[in-house]
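Accompanying notes for the structure given below.
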Amino acid sequence: QDRPAPFDNPGEVEIALVRYLSTGDFFQAYLSGVERQAEALGINLRVLDSRQDAALQADMVDQAIALGVDGIVIQHGLTESMKDAAQRALDAGIPVVAFDVNVENEKIPQIEQSDRDLARLALEQAIADNGEAWTAGYVYVPGIAPLDRRNETWEEFKAKYPGIDEVAMFGTLDNPIANSVANQARSVLSANPNITVMFAPYDEFAKGVKIAVDEAGMSGQVSIYSADISTADIAAMREPGSAWKATAATNPAVVGEVSVRALAMLMADEDPGAQVIVPPTLITQAQLNDESITNMEELAAKLPAFAHADVAAPDWMPLPSAPAQN
Amino acid sequence: MEGPAIRIRDLRKAFGPNQVLRGIDLDLPSGAVTVLMGANGAGKSTLVKVLCGVHSADAGTVTLDGRPFAPASPAQALRAGVVTVHQNINDGVVPDLDVASNLLLDQIADGSVGVASGRALRQRARGVAEAVGLRLDLGRPVAGLPLADRQLVAIARAMAHKPRLLILDEPTSSLSAAEADRLFALIDRLRAQGVALLYISHRMSDIRRIADRIVSMRDGVVSGLFEEKPLDTAGAVRAMLGRDLSDAAISIPAAGRVILSMAGIVLRQDALPFDLTACANEVVAITGLVGSGKSALAAALFGQSAPLAGTMTLDGSPYAPASPIEAVARGVFLSPRDRRANALVADFDIARNLSLPFLRRHSWGSFIRWRSEAAMANRMVGEMGVICRSPRDGILTLSGGNQQKVAVGRWMSEASRLLVLDEPFQGVDIQARRDIGAKVRATAKDRATVVLVAELDEAMEIADRILVMAEHSLAGEHRNQNLDLSAVMRQVTEAQQGAAA
Amino acid sequence: MSVRDLAIRYGFILLMLGLVAFFGLAASGFLTLPSAIFILQSVAITGILALGVTCTLVVGGFDLSIGAVATSALMLSAYVMVVWEMSALAAVVLCLLMGAAVGMINGFLIVKMKVPDLLATLGMMFVLLGVQRIPTEGNSIATGMALPDGTNATGVFSPAFLALGRLRLWNVLPLSVVFLLVIAVLVWGFLELTRHGRLMYAIGSNAQAAALAGTNVERYKVAAYVISGVLASVGGILLAARLGRGDVASGNNLLLDSVAAALIGYAVLGASKPNAFGTAIGALFVGILLQGLTMLNAPYYTQDFVKGAVLVVALVFTFALTGQQIRRA
Amino acid sequence: MSVRDLAIRYGFILLMLGLVAFFGLAASGFLTLPSAIFILQSVAITGILALGVTCTLVVGGFDLSIGAVATSALMLSAYVMVVWEMSALAAVVLCLLMGAAVGMINGFLIVKMKVPDLLATLGMMFVLLGVQRIPTEGNSIATGMALPDGTNATGVFSPAFLALGRLRLWNVLPLSVVFLLVIAVLVWGFLELTRHGRLMYAIGSNAQAAALAGTNVERYKVAAYVISGVLASVGGILLAARLGRGDVASGNNLLLDSVAAALIGYAVLGASKPNAFGTAIGALFVGILLQGLTMLNAPYYTQDFVKGAVLVVALVFTFALTGQQIRRA
Ligand SMILES: Nc1ncnc2c1ncn2[C@@H]1O[C@H](COP(=O)(O)OP(=O)(O)OP(=O)(O)O)[C@@H](O)[C@H]1O
Ligand SMILES: Nc1ncnc2c1ncn2[C@@H]1O[C@H](COP(=O)(O)OP(=O)(O)OP(=O)(O)O)[C@@H](O)[C@H]1O
Ligand SMILES: O[C@@H]1[C@H](O)[C@H](O)CO[C@H]1O
Ligand SMILES: [Mg+2]
Ligand SMILES: [Mg+2]
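Chains as they are written, first to last, in the working numbering: chain A, 51 to 376; chain B, 3 to 503; chain C, 45 to 373; chain D, 45 to 373.
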């Protein structure tokens, strides 16, 4: 098989994944995708994890530069702290791609899951299930780029459907997130027993809300709509009488693969495009039950869009052998 | 200059409802040692703390050399020349700092000594130490020093001050005769320089040695002033107690069978082995200089550190306790010296302090039987004569002497085979001392009792037999009858001179 | 008793009642049984941890590892059931043993190795944060997760285990609340009514004096850390049962919230020292505050502020009035 | 000096040198200037905070609010520049004043109101965590952010301000490292060479005795908290300059990491008490460990474990050898 340089001699190639966020199903699956694609390309992967320390993340980019890696994937982070660091990498001749962080650099392709689409798909399903007028609770923590983007869509929906009455907005990233959100949601539900829809556009939020709804014995009344999916989420959605009705998601492992492929194209002097978008899919509880899907593997088997995405996949690019899973 | 250095008029101080000073009128002249006597809790330390800026008075006036004197902080009092050595020795030293910094602490605080150069600091500290004949490694942390050395450090610092008024609150409580003598020489020198001195003590020997005048205090007022030579010490004691001092005459009973016997005991590497026996119905006092090994003996008896050589038997069977827990289980009780560090639980009330070693006795399974504990506490408060409102008072609300009664009383609430009392009279007033002594003697019938005291007076008030300890070994033995004082004193100091030679 | 004494003794409790009254008026639904049960349930886990840390405070120590012990128990129970496919009982027993072992090691480091308590338990915290992630390479544990050998984990959280966090007695009272109440009563009884508790207080106040009174100081200190470790693992078990999976988490918030509860306890009834009743009230207080604020729709960031402000005011009130320095903390 | 004494004094430093040698052999590029500078830079902010907390440890106190002070300074500086559109100087001055004010309040609560140190600073921590989010309703602060009045913020982080965190002298030495070194030397000199430092140690060891010797105990205690607050705000300023944005999540680990550094300092040179030199070494030690492990491509979850394990081993080594109980912590 003919591969362009440097992948004709893959053992010599090393890339770095510089992470800002790392705990939670999503990030776990994303990392597995990155690993699988790197393995398929036969290149070495170095994982630098700053665990939500943006200054350290910038240092880690410098560290990767100093270590002489051949390419860098930046996963999340803050625009302001990553902008200069990313530029320094380019200055050192190292190609860079960025996932879910805008580093304001046209030479750096943006990998995105289209957060607006994610929010839109979930909310359209909420409208389809519950009509145009309902009382809502909303889980949101400002300042996290994808959540902010999803929030814009939520604001648009509220403007479009004045019948939506948001009676409570809450949220926290206190660890463990699901447990802390559950405590908040419990209080919200007792203060607003008339809530019928909970919009929780991040699966850790949705898990917390589900715990609270179950504990309050309100799963018959409340419907939860979310973003993201994982094996654990599938189990939660399929519990008998589960309030978690639908979620809009990409396969995070696929997003991880796509990130590495886009980087590989850059390294081979090809252009993956300024934006590499992995389109999301809507997954409903009914669908999971009808097809008796129990984990990501089966989901990928039933939904080809989940197995892999046809983005950033030139002919020479080796794809991971088995379909992505987690 | 005319008039006394310090003039105190109608000074009053209360803690909550407790009126401690009820109108003190007192003059302290220059160039004289005024001894202040008073029973435990009379308010002596409180008066000192008002003079040195720790407490502010509720009412009354103090003048220093004619000018009003009301220090708002210890720093102000020090600046005005009122220097104090406090009763609680640990109020005088900072354990984590080295000896040099401790000797200069007040000068560091007022800025007259910077610490930029360790050498200059040492130099200066050496001067302070030498003035009181203190020979210590200046770089060593005070934390490792024995109590006596700590007390000397605090005294040396005060002496370095060129004070106007020097207050010494029981400064010899942990000193032995030799060190006390050095202190008295220093006091003589300051007196000659015209310093006013206020000296508080329960030790009659100190008082006889240095008093120019005696002021007796009782229940927060001055109850007697004695200035005519020769000083009427008996009258002063009567004034401070409000009655006559009870008699301490000792009649020596017949000793019972041997309870403790020690043979070939070596307490320290270079010390001579010694033997010791103690019988039932017998009170043995062991006296000796500070550091002569009395507490090391106590430590061996109580399982804190085994002797280097020798054997012990208790009631005829071998005795080699590995910990205080084992010692207590065998019926060997120790009331340790330095009650604040070693005996009292500050957070506990009197009753809980009393029941601490014998909680199991007051428990049903694991659960505490409150009634049983309260009954014991009431009994011990009565028997020991602890002056308090109720056994539920916090231990720190008691005066020092009363705290001591609790610390000792704790070990008298249960029958023991061997009772060891290490400096049981520390800070205790003369009447309370006799009370405790009488109590110890009255209950001594079925056990052996060993009392460790540095003061010979104290030994003579309590013991049937007096042993002299020197160089971590026994140097002499005397029956407490028509005691040859000079022979005892010779044994106390001779070994030391032998070692020095 | 003077007004001042009354204020010292009952000031904090009055403040709490005032809060309840305020929220009762301002938020309809606050003064209902479900709401009360929510509050208890929301503080059950931190409350149990706080009771453990109280025991270490009593002996004059401190345990910074409780949050990490709890999250380790969370991961361990999930691992035992999901990967090893063992029973709920096995999971619970192993977690409790793990908590006890951590407590023993903490105690050993502090008592025998003379490592200062804060340091020893801080080191232990970091060790546990690492250890709990190694078996799964940092991943959360859920049924169906990929295992290193390429297969998928097929074990499940058994219903019996989940019931620990989710079952409601008579359809009202969650089991976790029962655990909190029972543990609170047990710890309270242990500290206040038994001679062991008394001796632990003596050790905290003056360890030297306690030793010279014939107390086995070392054994009691180790016991305090073991209690703390075991209770933290109970907290972790309840957390696992509530979440239904092994979530990777630092436990920092659990640590801070439990320490806050235990420390607030100093102010309750004018105790000025660690005490189980105060700790329970402290946990309840935080729960009431957060429940009330959330019901009033206060944004999450105002909750921290109000929590802190009320805490400070309550403490000033108590300590400024008693005017006494406490022995520690 | 006996072998044992040598081990006590130099054991920890030897351990650190051993680590350096090991990483130097195992990871090519570890023993290089950029790597050394990276290590210093990565510990600059925690190191500065740790030096502050050391001062409070010296007077026998503790400051749990430092992490929150740092993130408050981060948010405040961003707010001053981005929303109020003021200068870098104004931002720095206001942050330092804020830090000093927080220290004063902490000191006031502890000294005058007699609130125990852990409690007072814990309350302050929660208050600050809330307060820093209120002006922006929990949003992070960046140019272009929507303001409550509907307009967008137009201010920017001035280049002079960003330089504080990003400028490298001679293109090599980051300014933040210079700050760390200068502050370390200043704090060390203050604590070891001036009478003020000596008195602060005296207060930490026996406040009563220090007071009776004429020390103004209250003033020195307050000063310690002010130093701690100011240094924490310096840390926050540097963090803001590195981030270029007012974002709070990055400060999450500051508290524990700085406390760890300060506590490790107890073991350095057998000090067994808080000391500035030890704190600096403690911070460096953690930095070396993490840099080495990262260069060896160790997964992040093993780093916590190794950090904890090495910490525990080092501590056991030091404290078991000295065999002495230290006065606090
Ligand atoms: N800080 C305080 N708070 C409350 N009561 C106190 C305080 N200090 C002293 N007292 C009380 O004041 C009284 C006098 O105590 P003080 O220490 O002055 O006695 P003293 O004459 O020095 O006794 P001693 O000979 O035992 O040292 C005692 O009843 C004591 O309980
Ligand atoms: N510097 C010290 N640090 C700690 N413990 C000490 C120190 N000096 C002595 N000790 C302990 O105190 C006990 C008493 O020591 P030593 O025998 O020298 O005193 P002593 O003769 O009883 O003097 P005193 O008359 O003051 O009681 C011993 O058990 C010893 O281990
Ligand atoms: O895009 C991702 C995921 O969808 C998840 O919601 C959490 O963080 C975001 O960045
Ligand atoms: Mg007194
Ligand atoms: Mg002795």
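Virtual Cβ for every residue (Gly too), placed ideally from N, Cα, C.
Counted within 10 angstroms of its Cβ, other Cβ atoms place residue i as buried (16 or more) or exposed
| i | result |
| --- | --- |
| glutamate 130 of chain A | buried |
| arginine 191 of chain B | exposed |
| isoleucine 254 of chain B | exposed |
| alanine 502 of chain B | The pLDDT assigned to alanine 502 of chain B is 40, lower than 50, so where the model puts this residue is not dependable; a value taken from the coordinates is nonetheless given after this. By the neighbour-count rule (16 or more Cβ atoms within 10 Å), alanine 502 of chain B is not buried but exposed. |
| tryptophan 128 of chain D | exposed |
| arginine 69 of chain A | buried |
| alanine 197 of chain C | buried |
| glycine 221 of chain A | buried |
| threonine 115 of chain D | buried |
| phenylalanine 17 of chain B | exposed |
| serine 488 of chain B | exposed |
| lysine 257 of chain A | buried |
According to DSSP, residues forming a beta bridge with residue i
| i | result |
| --- | --- |
| tryptophan 366 of chain B | B/Phe369 |
| serine 319 of chain B | B/Leu316 |
| cysteine 281 of chain B | B/Val260 |
| aspartate 215 of chain A | A/Thr185 |
| phenylalanine 126 of chain A | The sequence shown places histidine at residue 126 of chain A, rather than the phenylalanine named in the question. Paired residues: none, contrary to the question. |
| asparagine 20 of chain B | B/Phe17 |
| phenylalanine 220 of chain A | A/Val189 |
| tryptophan 294 of chain A | A/Ile274 |
| phenylalanine 149 of chain A | A/Gln125 and A/Ile161 |
| isoleucine 185 of chain C | C/Gly290 |
8 Å contact criterion, which residue i and residue j should meet: CB distance rounded
| i | j | result |
| --- | --- | --- |
| alanine 144 of chain C | glycine 273 of chain C | 6 Å |
| lysine 214 of chain B | alanine 34 of chain B | Before going further, note that residue 214 of chain B is aspartate rather than lysine in the sequence given. Rounded, the Cβ-Cβ distance is 4 Å, consistent with contact. |
| isoleucine 202 of chain B | leucine 170 of chain B | 7 Å |
Nonlocal neighbours in the same chain, by C-beta distance under 7 Å from residue i, ignoring five residues either side
| i | result |
| --- | --- |
| asparagine 42 of chain B | Ser401, Gly402, Gly403, Asn404, Val430, Asp431 and Ala434 |
| arginine 53 of chain A | Trp366 |
| leucine 120 of chain D | Leu138, Cys139 and Met142 |
| proline 196 of chain A | Asp150 and Asp165 |
| serine 415 of chain B | Leu356, Phe360, Met378 and Met382 |
| arginine 259 of chain B | Cys281 and Ala282 |
Own chain, CB closer than 6 Å to residue i, minus 5 neighbours either side, in chain order
| i | result |
| --- | --- |
| glycine 326 of chain D | Ala305, Ile308 and Gly309 |
| tyrosine 383 of chain A | Outside the modelled stretch of chain A, which goes from 51 to 376, sits residue 383 of chain A, for which no answer is possible. |
| arginine 9 of chain B | Asp29 and Thr65 |
| proline 373 of chain A | Note that proline 373 of chain A scores a pLDDT of 49, beneath 50, so its modelled location is shaky and nothing firm can be said. |
| methionine 168 of chain C | Ser109 and Asn150 |
| valine 146 of chain D | Val113 and Gly273 |
Same chain, Cβ closer than 8 Å to residue i, five either side skipped, listed in chain order
| i | result |
| --- | --- |
| isoleucine 332 of chain D | Met60, Leu63, Val64, Phe67 and Ile83 |
| leucine 282 of chain D | Ala88, Ile89, Ile92, Leu208, Gly209, Ser220 and Phe223 |
| alanine 164 of chain C | Asn150, Leu153, Ile154 and Met157 |
- Message: I need the residues with a C-beta less than 6 Å from some heavy atom of ligand 1; please give them in chain order.
- Response: B/Phe17, B/Asn20, B/Val22, B/Gly40, B/Asn42, B/Gly43, B/Ala44, B/Gly45, B/Lys46, B/Ser47, B/Thr48, B/Gln89, B/Thr399, B/Leu400, B/Ser401, B/Gly402, B/Gly403, B/Gly429 and B/Asp431
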